[in-house]
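S.K.:
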Amino acid sequence: MASLLILTIFCPFVLAATGLSFDDAAGTVHLKISQGELLGKRIDAYESRTGYGFLGIPFGAPPVGPLRFAKPVAASSWEGVRNVTVKGDACPAVGELTYKRPEGGPMSEDCLHTYVYASKNCLTKGGCPIMWVLHGGRYNFESPVVFVDDVIVHNFASDGQDVVVIIPAYRLENFGFLNIAPGMNTSATPNTAVWDLLLALQWTRREAHYFGGDPKKITVFGHSAGAQFADVISVSPHFKGLFNGMVMMSGADTAFEAGYKSNSLASWVTATILGCATDSTDRSDVVAVEAVIECMREKTWQEIVAANEELNTHPEDYHGPHADGPGGILPLSPSQLALTRPPVRTMIGTTAAEFHDTKYALNADGTANLKKVAELCEGFGYAIGYKHPEVMTKLCLDYYMQGRNVMSLQQDSMFFMPTFETARRLMKKGNKVTVFLYSFTYKGVEGAFKKYMPLDDKDDHPSHSEDYVYILGMHRGNFTPKDYEIENIYSGMVLNFVKTGNPSLGKGQPAWKPFNKIGRNYYEIDFNDALRMPGMKKGYQAGAVKLWVDDAEKYGGPITPPEELVSYADRFNPMDMVTAYASHYLNDSLAHDKTLESEQDQYKIWADYINNRRFKHLQGKEMYLMDLVDKQESTRSVNVVTGKVQIQASAGMFSVEILVICVSAILIFLLLRCCLHCVGVCQERKGYEEF
Ligand SMILES: *[C@@H]1O[C@H](CO)[C@@H](O)[C@H](O)[C@H]1NC(C)=O
Ligand SMILES: *[C@@H]1O[C@H](CO)[C@@H](O)[C@H](O)[C@H]1NC(C)=O
Ligand SMILES: *[C@@H]1O[C@H](CO)[C@@H](O)[C@H](O)[C@H]1NC(C)=O
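If you use mature numbering (1 follows the signal peptide of the UniProt record, and there is no 0), the sequence shown corresponds to residues -16 to -1, 1 to 675, in order.
1) Measuring CB to CB, does S92 end up less than 8 Å from W285?
2) May I ask which residues mark the beginning and end of the alpha helix (DSSP H) holding residue 680?
3) Would you tell me roughly how many angstroms separate the C-alpha atoms of G492 and T377, rounded to the nearest one?
4) What three-state label does DSSP hand A29 in the structure shown?
5) So, at 8 Å on beta carbons, what are the nonlocal neighbours of H601 in its own chain, with the 5 sequence-adjacent residues on each side left out?
6) Going along the chain, which residues put their C-beta within less than 6 Å of some heavy atom in ligand 1?
7) Based on Cα-Cα distance, which residue from S488, F364, A514, Y454 lies nearest to F140?
8) Does the Cβ of L323 lie closer than 7 Å to at least one heavy atom of ligand 3?
9) Figure out for me which residue from S18, G40, S32 has the closest Cα to the Cα of G24.
10) Give a single yes or no on whether N571 has its beta carbon closer than 7 Å to a heavy atom of ligand 3.
11) Express the C-alpha separation of N228 and L4 in angstroms, rounding to a whole number.
12) Quick check on the DSSP output: what are the complete beta strand (DSSP E) runs of length 3 or more inside the region 357 to 445, in order along the chain?
13) Residue range of the alpha helix (DSSP H) that F463 falls in?
14) Less than 7 Å between C-beta atoms, sequence neighbours within five positions excluded: which residues of the same chain meet that for G79?
15) Using 7 Å as the cut-off, classify the Cβ of L574 as near or not near the heavy atoms of ligand 3, replying yes or no.
16) Please identify the residue among V271, V276, S392, A239 whose C-alpha is closest to the C-alpha of F53.
17) Within 7 Å: the Cβ of L381 and any heavy atom of ligand 3?
18) Distance, Cα to Cα, H14 vs C106?
19) In the DSSP output, what is C112 paired with across the bridge?
20) Tell me, which residues are paired with D7 by DSSP?
21) What first and last residue would you give for the beta strand (DSSP E) that runs through P42?
22) Under the DSSP definition of a beta bridge, which residues are partnered with M232?
23) Are the region 263 to 274 and the region 548 to 560 touching by the rule of at least three beta carbon pairs closer than 8 Å?
24) Tell me the residue span of the beta strand (DSSP E) that contains A102.
25) Among T203, K200, F213, which one has its Cα closest to the Cα of L181?
26) Is it right to say D215 is buried, meaning 16 or more other beta carbons lie within 10 angstroms of its own, or is it exposed?
27) Assign A514 to one of three DSSP states: helix, strand, or coil.
28) Quick one: what's V117 bridged to in DSSP?
29) What are the partner residues of L346, as DSSP defines its beta bridges?
30) Can you give the beta carbon distance from L96 to F43, rounded, assuming they're within the 8 Å contact cut?
31) With a threshold of 7 Å (Cβ to nearest heavy atom), would L182 be considered close to ligand 3?
32) For D451, count neighbouring C-beta atoms within 10 Å of its own C-beta (all shown protein chains included) and say buried if the count is 16 or more, exposed if not.
33) Are the Cβ atoms of K224 and P326 separated by less than 8 Å?
34) Please tell me whether, using a cut-off of 7 Å, the distance from the CB of L515 to the nearest non-hydrogen atom of ligand 3 is below it.
35) Among Y474, D440, I332, which residue has its Cα nearest to the Cα of T406?
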């Protein structure tokens, strides 16, 4: 009794001593961290859940002047109270894309801030696990400022949930990924955005305890490019040991090579648009290059954003983190570093219908279009750098000519394969970690998701981001009562993973067992009327994984990324190629930001590039697929039987007769005649089958 009395009396002082005090009437909270005092705000979410937000605490000094295009430096402390009840500025990028509204929103280079959300429990008692959220946006747009406060509080940062959510900003596009002089020692550091995250994570480990977060329990969480970014930092030696869990939703970025030249072409185009470089600038002369960087530092950020926007009329683009050599933050390409990634427990997965951009390769009657599928398969076969590209092309063709498989080609290669590979590599021998793999298959999201791409077909759901409305509320539409229940279940699994390392819910739901390489088991997330999920299944994305992992290893052979990629790109990104092809055939740019003109340029460049590589590889010795297709497409269709591409003629054609005659070789008197006729056709067919 006495001790209780003492506690009651001393509690306010204890709080005061830690620099924490709540003002319920004003709906604010005061908190002292090592940099100074903060004024945060109470956030009242739905279902009577409440939490607190500190919306923009500087971890990095504004990267302006000599700090633009350079490693960030820690933010200084401040005098008095810093008011973080209102969100700060987003990092400069195309504002319309970041804010998803035509007028954009506030941006400035003073943007290296963290956004922290915590419950009263966490703030007063401490010891709460941390969910460290990386935003998406193709490394080129979006920001922590566009997250939905009340959803974060409801799902994670309220009493009872008790996770401290921290969202760091990082520099985007040109500001975060300029790579003007690969391999040269200049004042512009490559991968500044990755350095931003390192500084933000160091800040988190130093400051999180003031918010009630336990710096020894950090789970990096990302969706889309945020998940890709999580994948990348988890392979960087600089981030080793700084966090101990990952949640990767719908994205992985270590399956394809990102070499040290990545982004340099886009960097030079922007430098040229800004008037800081010309075609005759000597790119190998360090003095000339330094002058270009200085010139770019003298521009306003608005001029640089305008140049980034103009870049969208060019085929070149920024593609995020890449190798930056000895002493860099990614000394080797992320795909190489991934082979020796430090183990970290991971929850990872995808939606069943992320992107169907390759659907354009279906004919109006729903069958696969030989020419379009062949072109895609050759693109992948030759651009990735397999030892036996013609074999991969053939296997790819066999698989995607079946049924409507081809509409998944993009997601198979860009999402399912990399997700599976990340899961598999984390589970390598000797790594004592658990990986939980999922596939979100619920097709009923409908109005709960505010769509940003046209999805007319039921098969196109659940698409990229559709499931994310239940986790952090981006693109949230109108929730039905069932959607609120699903939100509690789905985000509850993420919450459990962040808190305990195991996403299983109990509560009458099937238990979630860790991924293993043999069963390739995953948890299927779907909701029947009783809101019960199917749970464990075997063979995650079996078709895609067989082709792009098993067959690729067995028959495609080792991958050596091409020395030179298409003239406008310096790393291979499946989406980049597919978007160019799809845009070309649909006569409409499918890219978020590229113009149709630049997509058409890209298409032409890809087509020439693949032709050249194929020609070199086959040394003109054999017929290759596209020639055959060109010759035959007007009269023939392809039928895939027992894994072999066979030429099947449509009725009434001259070629049918030839084939029928060939097949009726049992009739001896026709044999001679057949062979005479067949010399040409059978020759073609042979080349075709060996392809
Ligand atoms: C904090 O900043 C916001 C936005 O500028 C302002 O409305 C609010 O009054 C400020 N709060 C205090 C206590 O100064
Ligand atoms: C790069 O240049 C800076 C400044 O001139 C110098 O301090 C540094 O040692 C150089 N680094 C390397 C790897 O040459
Ligand atoms: C393709 O689109 C452009 C611009 O939208 C239009 O001018 C052109 O006529 C279209 N071409 C075809 C073949 O539909």
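By construction, the Cβ of each residue, glycine as well, lies at the ideal position given by its N, Cα and C atoms.
M.R.: Result, derived from the coordinates:
1) Yes, these two residues count as a Cβ contact at 8 Å.
2) With the chain running from -16 to 675 in the structure shown, residue 680 is simply not present.
3) Those two C-alpha atoms are separated by around 46 Å.
4) Of the three classes helix, strand and coil, the one that applies to A29 here is coil, per DSSP.
5) The beta carbon of H601 is closer than 8 Å to those of Y366, P373, E374 in its chain, skipping five residues each way along the sequence.
6) In chain order, the hits are L23, N67, T69, V70.
7) Nearest to F140 by C-alpha distance, out of S488, F364, A514, Y454, is Y454.
8) Outside the cutoff, so no.
9) The option with the nearest alpha carbon to G24 is G40.
10) Answer for N571: yes, Cβ within range of ligand 3.
11) C-alpha separation (whole angstroms): 28 Å.
12) 419 to 424, all fully within the region 357 to 445.
13) Looking at the DSSP string, F463 is not in any alpha helix (DSSP H), and its letter there is neither H nor E.
14) So the list reads G88, G89, M91, once near-sequence residues are dropped.
15) The answer is no for L574.
16) If you compare the alpha carbons of V271, V276, S392, A239 with that of F53, the shortest gap goes to V276.
17) Short note on L381: C-beta not closer than 7 Å to any heavy atom of ligand 3.
18) Take the alpha-carbon of H14 and the one of C106: they are about 14 Å apart.
19) G197, per the DSSP bridge assignment.
20) Paired residue(s): T12.
21) From DSSP, the beta strand (DSSP E) with P42 extends over 34 to 42.
22) Per DSSP, G206, I332.
23) For the pair of segments examined, the region 263 to 274 was found not to touch the region 548 to 560: the number of CB pairs separated by less than 8 Å stays below three.
24) For A102, the uninterrupted beta strand (DSSP E) run begins and ends at 97 to 102, by DSSP.
25) The shortest C-alpha separation from L181 is found at F213.
26) By the 10 Å Cβ count, D215 comes out buried.
27) Coil.
28) Under DSSP, V117 shares a beta bridge with F205.
29) Answer is A352.
30) At roughly 6 Å, the Cβ-Cβ gap stays under 8 Å, so L96 and F43 are in contact.
31) Result no, Cβ not under 7 Å from ligand 3.
32) Classified as buried, D451 has 16 or more neighbouring CB atoms from the shown chains inside 10 Å of its CB.
33) Contact: yes.
34) Not so, every heavy atom of ligand 3 lies at least 7 Å from the Cβ.
35) The option with the nearest alpha carbon to T406 is I332.
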